[in-house]
Amino acid sequence: MSLTPQQEAAVYADGNIAVIAGAGTGKTHMLAERYLYHLREHELSPLEVVAVTFTEKAAAELRSRIRSSVNQQLPERYDLLAELEAAQVSTIHALAVRICREHPLVADVPPDFAVLDELEGVLWSSQWFNEALDTLPRNLYELIPYSLMSQAMLALLKDPITAKEALEQDTECWQQLAQDLQQKASIELLEDPVWQEARDVLQAYVGPVGDLRETARQEAMEAILALEQGKKSQTILETLKKVSLRGGKPKQWLDGGFDEVKEEINKLKELAKRTLEKGLITLEIGTADEQLVTMLPALKEAFSLVQEYVKQAKRRARLLDFADIEVHALLALEDEQVQNYYAQRWKAFLVDEFQDTNPIQSKILELLTQSTRLTIVGDAKQSIYGFRRADVEVFQTWRERIRHTKDDGIHNNNAHEVTLDISFRTHHPLVQNINSIFAPVLGKLHQNLEGKRILAPNSHPPIQVYAVQADSGINKPLRLRVEARHIADLLKDMLKQKTLIHDKTTGNLRPIVAVDIAILSRTWEPLENYGEALESLKIPTALAGGGASPQAISIC
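All residue numbers for the sequence shown refer to this note's numbering, where the first residue is 98 and numbers rise by one.
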């Protein structure tokens, strides 16, 4: 498969590079070719190149792609194929496990430790955690109630290194920190493309005096100017959220702008709502923070005791979970001799899904890549692992660092950033609709994609929206059944007409079959209705998902 111009720029970059890769833009192919570039141009062995992916499945796929590329492009290099089998192409946790096993004394782990899987880790850690709480001195609970202590310790233990740093902060700097975060949030708001476009449009149009839409425009402009002048953010944004768009007479807007003003004010109201929900722009030191100051000594002591109890319990059982592995690998890498050991061994790093990297993983990679060639790949808007301490700001920080890489004898001034924006999964009409929907929603995070295929495979509209309209007396279960039947009828019609779709394997068009279809839902509730409606039309289904996570039906 040939490379697109953007992929070529990423693959053949001389220095460090950050790659922004939208969904379906061929990042795995690019990474495999980048890996080969290090082998061919820099004459590295696979044993000197580390490729980090997010899942074991992704690591296996990348290794397979690299193997295939070596077979095709360097068929005479049997040595590379042999070394590739022992190369470090893995998840970051597997990389951390290797560091701990190779340096157990410095990492402070038992030499024969076992790694708990995610479920086992939760069960064992819960038991040790409860035991640790029971051993805390009674005087600590006199200052911090048990329920609050439990919640606080759980939160702190999820990221113990960051927690330790936070607990050591001088409380006198909290006010300045709050002000800094407020200022940063304000700057980001004023630089948001939605804010800037709305400001331009609202300045460009003026309606007749007394018209309700003109009154709304003036209120919005007053809010914009007040915020830009540094006035109290929360009051202004709350006012902006409440701007009324009712009324107004479009015929009196002789120079146009009636609809444009409404559209931009609606965007501003949504932006104001999202900004307030984040809470940074209104951050202030309050009563709760003052109470925390009095609790802080007890909190520090409790955290130290709980952390030590859990640590010793794991040591006795010779068990570590994924979070432990990261912490102890970082501990090993803070040793200068260990750093030198890996600096001699590994010369190039490729890291995928960087937007889901957490602060500890970031520090591990920072210590490993100080003198190596580095390629990171990510997409801020695809960050989904916040519950695992992933922080998209880590990705943004590394992007800035790579953009400012200086020539140090190993890297050169060609270090830069490349965006992959051609999606191989879709066609132009569909992706254009998606771009127009998400550009105002995502703001600065949005990245326009281009469809690899120009023409749609069929005449159906790429996106269709339906709404179930019913009288107030019609309850939700009845509406869900109507919705389910409508979806089932649509799919039955598509299957009956043998609607053409693009086949990924052959690259040709073929009639749709049931297994090509998936129905997604935010909750489990509607899926039973969908399944019953589909089954009634003899379309078999398979349910997937559970709990509060997004759910799906696969059509069989």
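Using N, Cα and C, we set each Cβ at its ideal position, and we do this for glycine too.
None of the values given here were measured: they were computed from a predicted structure.
Do you know offhand how far Arg442's Cα is from Ser142's?
-> Numbered from 1 along the sequence shown, position 345 holds the residue referred to as residue 442. Numbered from 1 along the sequence shown, position 45 holds the residue referred to as residue 142. Looking at the two C-alpha atoms, the distance is approximately 10 Å.
Would you identify the three-state DSSP class for Arg415, choosing helix, strand or coil?
-> Translated into the one-based positions of the sequence shown, residue 415 becomes position 318. Three-state DSSP puts Arg415 in coil, outside helix and strand.
Using 8 Å as the Cβ pair cut-off and three pairs as the minimum, do the segment 334 to 344 and the segment 303 to 319 touch?
-> yes
Three or more C-beta pairs below 8 Å linking the segment 530 to 544 and the segment 466 to 475 = no
Compare the Cα-Cα distances from Glu138 to each of Leu299, Glu398, Asp111, Leu393 and report the closest residue.
-> Counting from 1 along the sequence shown, the entry for residue 138 is found at position 41. Among Leu299, Glu398, Asp111, Leu393, the Cα nearest to that of Glu138 belongs to Asp111.
Gln185 bridges to which residues according to DSSP?
-> Within the sequence shown, residue 185 is the residue found at index 88, counting from 1. The partner list for Gln185 (beta bridge, DSSP) reads Val147.
Have a look at Glu153 and His501 and give me their C-alpha separation to the nearest angstrom.
-> As a working mapping, residue 153 is identified with position 56 in the sequence shown. As a working mapping, residue 501 is identified with position 404 in the sequence shown. Answer to the nearest angstrom: the Cα atoms are 32 Å apart.
In this structure, does DSSP put Arg160 in helix, strand or coil?
-> Here residue 160 refers to the residue found at position 63 of the sequence shown. Here Arg160 sits in helix by DSSP.
If you compare alpha carbons, which of Glu450, Asn572, Leu334 is closest to Val489?
-> Along the sequence shown, one-based indexing puts residue 489 at 392. With distances taken between Cα atoms, Val489 lies closest to Glu450.
Ala320, enclosing beta strand (DSSP E) - first and last residue = Your numbering for residue 320 matches position 223 in the sequence shown. No beta strand (DSSP E) holds Ala320; the alpha helix (DSSP H) holding it covers 309 to 325.
Under 8 Å between C-beta atoms of Ile163 and Ala426 | On the sequence shown, position 66 is the one that residue 163 refers to. On the sequence shown, position 329 is the one that residue 426 refers to. It is not a contact, given that the beta carbons lie outside the stated cut-off.
According to DSSP, what are the bridge partners of Pro608?
-> Here residue 608 is taken as the residue at index 511 of the sequence shown, counted from 1. Paired residue(s): Leu597.
Using the Cα positions of Val538 and Lys411, report the straight-line distance between them to the nearest angstrom.
-> Taking the first residue of the sequence shown as position 1, residue 538 is located at position 441. Taking the first residue of the sequence shown as position 1, residue 411 is located at position 314. Looking at the backbone, the Cα of Val538 and that of Lys411 are separated by about 45 Å.
Run the CB neighbour count on Arg235, radius 10 Å, all protein chains shown included, and call it buried at 16 or more, exposed below.
-> As a first step, residue 235 must be located in the sequence shown, where it is residue number 138. So Arg235 counts as exposed.
Leu377 vs Ala282 beta-carbon contact at 8 Å | Numbered from its first residue, the sequence shown carries residue 377 at position 280. Numbered from its first residue, the sequence shown carries residue 282 at position 185. Yes, the Cβ-Cβ distance between Leu377 and Ala282 is below 8 Å.
Uninterrupted beta strand (DSSP E) stretches inside the segment 519 to 564 (no shorter than 3 residues) = 519 to 524, 547 to 550
When the Cα atoms are used, what is the spatial distance from Leu213 to Ile616?
-> Taking the first residue of the sequence shown as position 1, residue 213 is located at position 116. Taking the first residue of the sequence shown as position 1, residue 616 is located at position 519. Going by the C-alpha atoms only, they are around 34 Å apart.
Can the beta-carbon of Thr516 be found closer than 8 Å to that of Gln544?
-> By 1-based counting over the sequence shown, the position of residue 516 is 419. By 1-based counting over the sequence shown, the position of residue 544 is 447. In contact: Thr516 and Gln544 (Cβ atoms closer than 8 Å).
Top-ranked residue by Cα proximity to Ala107, from Gly121, Ala429, Glu130, Arg371 | Indexing the sequence shown from 1 puts residue 107 at position 10. If we check each option's Cα against that of Ala107, Glu130 comes out closest.
Short Cβ contact (8 Å threshold) for Gln404 with Leu264 | Mapped onto the sequence shown, residue 404 falls at position 307. Mapped onto the sequence shown, residue 264 falls at position 167. For Gln404 and Leu264, no; Cβs fall outside 8 Å.
Bridge-paired residues (DSSP) for Thr472 = For the purposes of this step, residue 472 is taken as the residue at position 375 of the sequence shown. Paired residues: Ile114, Leu447.
Using 8 Å as the threshold, is the segment 175 to 190 in touch with the segment 389 to 409, meaning 3 or more CB pairs across them?
-> no
CB of Met250 to nearest heavy atom of the ligand SAM: below 7 Å?
-> The ligand content of the structure shown is nil, which means the ligand SAM is not present either.
Report all residues from its chain with a CB closer than 8 Å to the CB of Trp292; omit the five preceding and five following residues, and keep chain order.
-> Position 195 of the sequence shown, counted from the start, is the residue given in the question as residue 292. Only Leu286, Ile321, Leu365, Leu368 meet the Cβ criterion.
Is Leu664 buried or exposed, if buried means 16 or more other CB atoms sit within 10 Å of its CB?
-> Because the chain is modelled from 98 through 653, residue 664 falls outside the range shown and cannot be assessed.
For Leu517, which beta-bridge partners are listed by DSSP?
-> What you label residue 517 is simply residue 420 of the sequence shown in a count that begins at 1. Ala118, per the DSSP bridge assignment.
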